[in-house]
Structure formats: C-alpha cells, structure tokens
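*Asks:*
Protein chains in written order, with my numbering: chain B, 1 to 263; chain E, 1001 to 1263.
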C-alpha cells in the first residue's frame, strides 16, 4: 500500500505515499498508522461524488485525503479530537506532496461526539456536509489493550460509540447525503440500531481475508432520510485463494482505481 | 430439488421427494410450496444435533422433516397455525414414504406468537426444545400481494413479526440451545434487535444468487444465553458463475449432504 515511507530528519514522523503517490500522509512512526481500513472506507464514496465531505475520526487524514485525491470535486474536512493526530493532519495538508489537494482540505480539531451548540461552534454545522466517513475506534474495551498510548487512544471502543457518532453524522449531513462507517462485524447490531430513523438504504459490505473465512470488517453505507431497506452486498475477499497477495480487485480499491460499491 | 412429484388421485396434493428421496412431503399443488428456503434453514442445524427441535411456521413440514431425515437423534415438532397446512404436515408424517421418521415427528397446530399460558397449553413449554427453526412469512406488507390466498397467508409479513417469533423462541429453547431464522436481508436490523438480550453468538450467513449480486436471503443462527459477538460468515453463492445450475456445494446443502455452517 505504501508507495514510499521516508523518515524525516526533524522528528519521529514518516511521509507515506498512497494511491500510487496521488497523495501523502505525514504520520507518527509509532502508534495508530493509516492502512487498508482507511482506504476501504474512502473507496465507499461514489466516483461521481462532489461536495463537502467530513472524515470523522480522521487521524492523520488518510480516508479524507484519499477521497480528495480520487474525486476532484470533493472538499474534505478532517475531524480529529487528538491534538497530536490533528497536528499530523495539518502537516499532511500543507506538505508539498499534497499541493494539488491543499485548497480542498482542512482540519477541524474537535470531538466527534460533541452535541448542540458546542458541535456547531467547533465547525460541525447542521446539514453542512454531503457525506460523512467514520472510522471509529475499533477494539471493544474487552480486547487486550495495546501497549502504546496513542494506539490505545485510537483503538479502544467506548460503550455506545456508534450511537454517538451516528447521531453527529445525522446532524451534519444534509437530506439525501451519505454516510459510511468501517467497523468490525461484531458492531453490526449497534450500527444498524443507531442508523434507525436516521439513515436508510443501508448497504452492508463484508470484507473477508479469504473466501472461506469469516469477515474481519464491514463497511456500512446509508443515506440520510432514505426509506429504502437494507441490502447485503457481495463481499470483498482481500486475498487470492493461495498466498498473501491482494487480489487484483482489492489492489485496485486500495489504490483508488476502483470503488467498493462499484458506483 | 424435487426427486419426485406425483399428484395423488384423491385431491389437489402432491407427494414430493427431498434429500434424494430420504423424506417426502404431502403438500398443496397450489399455494405455498416448500423449496430451497426450507432446505437452507434445515441445513443450519449442526450434523451432530440430537434432541428436540421445533420448526416454527413449518407449513407442510419441510425444514423439520429435513432435520429428522439427516439427524437420526433428532425429534421434531412441526408448529403451524394454518389448519390446512397443519393437515398436510400430519399427512406428510404418516405417509408410508416417511416411515423411518414417523416416530420422531409430530404436529403442533398453534400460532407461533401465542404467549404465556396459551403458548404452554398449546404444547410450547418453557425450555422444552434444544433448537428452534424459523421460516417466518417473508414479504413485507408493502410488497405486491400474491393473488393466491394460501400463498398470501404464508408470505405477507406483519409488523414486529421477528420480535414476536424470537420472543417465543427464547421462551421455548433451553439455555445454550440454538435458533436459526431464514429471512430477507432487509429484515436483518429487526432480527438483530429482537435477538438482543435473548440470543448471542449470532452467525449471519448471506445467500447470493450469483457472486456479483446482492444477497437474496440471510440465515441467522444464535444461541440462547450466549454472550459471544456477531460473526459474518462466508456467503453461500447458489449458482455457478455461468448458467442456472446450482453450484456443487449448494446442491450438497440442498440435499442434506452438507451443512450450511460446516458444523
């Protein structure tokens, strides 16, 4: 996935190329580093997308910048509460390697779960976005915690997290606008419950490491105010039947050459 | 699927062989006839299953009798509220073609949604079963109704149906006992919500007509009092990439030679 990873001289960050060099991330050498989850989430946005997109829980900005790189008519807001990660997102935006995207990307340093006036004051106004991406902290609290503090902060899941994140998404996305969330399959009941009466037309897309193994991730997409029912999409199988190489389709999605939902 | 379909001389019923003749169904020539849904549902029961199984919404008894035919240690109760379909289930049980199963199958003519003493009086006692199968009426009320009354009765879905069916299943299945339900993917949110605090260890298995098409059915299995999370299983793809033939794996499941969850 990483086209280049160069440790800069001045600090502990690296500069990593994505989408075959179409954009780059400045991110910490240790801690939560962007990977395939962010690329899969970004690939859920239709190829024809134009307008304002919020990347909720953006980290260093991988998913949002991937959309900006692939969709020329997209303007992206990278929403991140952690000051250190928000700093990396700002450095990513201003880096010369991302000069082509710079005017269409910004950082909002804010907690996604803010409500009411505090949310609006932070820059997350009602109906202000056409699409919201969500890559919430994955690991349930019961999971073994990671030894690294930054990593833990990005991975430990809180009770009711999807409910709070989808409440914010419902507030900031305009009618008929879209949302996508990437999560573990075990979070599907909570995600579907939180989407009720907020988003319709849910499309659930399972991601399996291999065809005979259970899914390790789901991407769930939905549309604000839609009354359509749930669709269970053909799964993405990451690896070829033998070996550890990505399938050609996975590689294309991962590099911004194909979309996850084929639209 | 049908090994033999012979119209009997006396009425409008047919005698249809399943599982390559391992059991037969007496069922109406018109109306709701058993098919692949019932065989998929039956195939969700592990090969090692022993004990009492309730087939809720049994119709002429296809799913329950399929389990009895495949699992020698299974005793099945076919629960059906429609007097005419319950009559076909009784005729299926006593038919000479099912002599090997007769002692392990019975009919309970009752509405699955009965509660309290009425449910118990009907023969659906608390914790009396080791497994429950559910093939509830599929079509949402918004769907175009079928012109045939019997067919409509079996297919038109009522509001809150999964909640009521899973409430009964939770009452009649013993701790650690299992349930399986087959439904349309659009019912997944309601099914998962109704399983909350009743069943855990949910396993969702999508059934796709072809690899590139959305799922047309889901089979959801769960276990009473389990605290395990949800698993999204590898999907079953019914047809080969080209043509309308069943894949060999689908054919094996459909004929009682393989199980849906591989256990």
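Cβ coordinates follow ideal geometry from the N, Cα and C atoms, glycine included.
(1) Determine, using beta carbons only, whether residue 93/B and residue 112/B come nearer to each other than 9 Å.
(2) Under 8 Å Cβ-Cβ, which residues of chain B neighbour residue 1213/E?
(3) Short of 7 Å Cβ to Cβ, which residues in the stretch 180-195 of chain B face chain E?
(4) To the nearest whole angstrom, what separates the beta carbons of residue 25/B and residue 62/B, a pair I think is in contact under 8 Å?
(5) Assign residue 147/B to buried or exposed, taking buried as 16 or more other Cβ atoms, counted over all protein chains shown, within 10 Å of its Cβ.
(6) Specify, as a first and last residue, the run of the alpha helix (DSSP H) that residue 1037/E falls within.
(7) Run through chain E and tell me which residues come within less than 7 Å of residue 231/B, C-beta to C-beta.
(8) Measuring only between beta-carbons, confirm whether residue 1137/E sits less than 9 Å from chain B.
(9) Determine the contact status of residue 1119/E and residue 1168/E, defining contact as a CB-CB distance below 9 Å.
(10) Would you call the stretch 1053-1072 of chain E in contact with the stretch 1080-1090 of chain E, where contact means no fewer than 3 C-beta pairs closer than 8 Å?
(11) Within 10 angstroms of the Cβ of residue 212/B, are there 16 or more other Cβ atoms? Answer buried if so, exposed if not.
(12) Strictly under 9 Å for the Cβ-Cβ distance: is residue 100/B near chain E by that measure?
(13) So residue 1232/E and residue 218/B are supposed to be a Cβ contact under 8 Å. How far apart are they, rounded?
(14) Write down every uninterrupted run of the alpha helix (DSSP H) in the stretch 1069-1097 of chain E whose length is 4 residues or greater and which is fully enclosed by it, in chain order.
(15) Below 8 Å on the Cβ atoms is my contact criterion, and I expect residue 1172/E with residue 1128/E to pass it. Report the Cβ-Cβ distance as a whole number of Å.
(16) Tell me which residues share the same chain as residue 143/B and place their Cβ nearer than 6 Å to its Cβ, disregarding the 5 neighbours each side in the sequence.
(17) Could you tell me whether any Cβ in chain B is nearer than 9 Å to the Cβ of residue 1019/E?
(18) Mind listing the chain E neighbours of residue 93/B? Cutoff is C-beta to C-beta under 9 Å, in chain order.
(19) Please look up how many angstroms separate the CB atoms of residue 105/B and residue 68/B, rounded, as I've assumed it's under 8 Å.
(20) Please list, in chain order, all residues of the same chain as residue 1070/E whose beta carbon is under 6 Å from its beta carbon, the five residues on each side excluded.
(21) Who are the near neighbours of residue 1194/E in its chain, counting only those whose CB is closer than 7 Å to its CB and skipping five residues on each side?
(22) Enumerate in chain order the residues of its own chain whose CB-to-CB distance from residue 1170/E is below 6 Å, with the five nearest sequence positions on each side excluded.
(23) Quick one: using the 10 Å Cβ neighbour count with 16 as the cut-off for buried, is residue 100/B buried or exposed?
(24) Using DSSP bridges, identify the partner residues of residue 173/B.
(25) Quick one: what does DSSP say residue 1222/E is sitting in, helix, strand or coil?
(26) Cα separation between residue 45/B and residue 181/B?
(27) Using CA atoms only, rank isn't needed, just tell me which of 1206/E, 1022/E, 1102/E is closest to residue 1184/E.
(28) Run through DSSP, which three-state label would residue 51/B get?
(29) Give me the DSSP bridge partner(s) of residue 217/B.
(30) Does the beta-carbon of residue 1115/E have 16 or more other beta-carbons within 10 angstroms, so that it is buried, or is it exposed?
(31) Where residue 1215/E and residue 76/B are concerned, what is the direct C-alpha to C-alpha distance, given to the nearest angstrom?
(32) Hey, out of 1254/E, 1133/E, 1186/E, 1204/E, whose CA is closest to residue 1049/E's CA?
(33) Any residues in the stretch 1241-1260 of chain E with a beta carbon nearer than 9 Å to a beta carbon of chain B? Which ones, in chain order?
(34) Using the rule of at least 16 other Cβ atoms within 10 Å of the residue's Cβ for burial, across every protein chain shown, is residue 1228/E buried or exposed?
(35) For residue 1190/E, which residues in the same chain have their Cβ closer than 6 Å to its Cβ, ignoring the five residues on either side in sequence?
(36) If we cut at 9 Å on Cβ distances, does residue 1238/E have a partner in chain B?
*Replies:* In brief:
(1) no
(2) 234
(3) 185, 186, 188, 189, 192, 193
(4) 6 Å
(5) Any answer about residue 147/B is weak, because its pLDDT of 49 lies below 50 and its placement is not dependable; what the coordinates show is given next. It counts as exposed.
(6) 1036-1042
(7) 1185, 1214
(8) no
(9) yes
(10) yes
(11) exposed
(12) no
(13) 7 Å
(14) 1083-1094
(15) 6 Å
(16) With a pLDDT of only 39 at residue 143/B, under the threshold of 50, the placement of this residue in the model should not be trusted; the figure read from the coordinates follows. Excluding sequence neighbours, residue 143/B sits near nothing in its chain.
(17) no
(18) Correct list: empty, because the minimum Cβ distance to chain E is about 35 Å.
(19) 6 Å
(20) 1256
(21) 1162, 1163, 1166
(22) 1198
(23) exposed
(24) 129/B
(25) strand
(26) 11 Å
(27) 1206/E
(28) strand
(29) 207/B
(30) exposed
(31) 33 Å
(32) 1133/E
(33) none
(34) exposed
(35) 1162
(36) no
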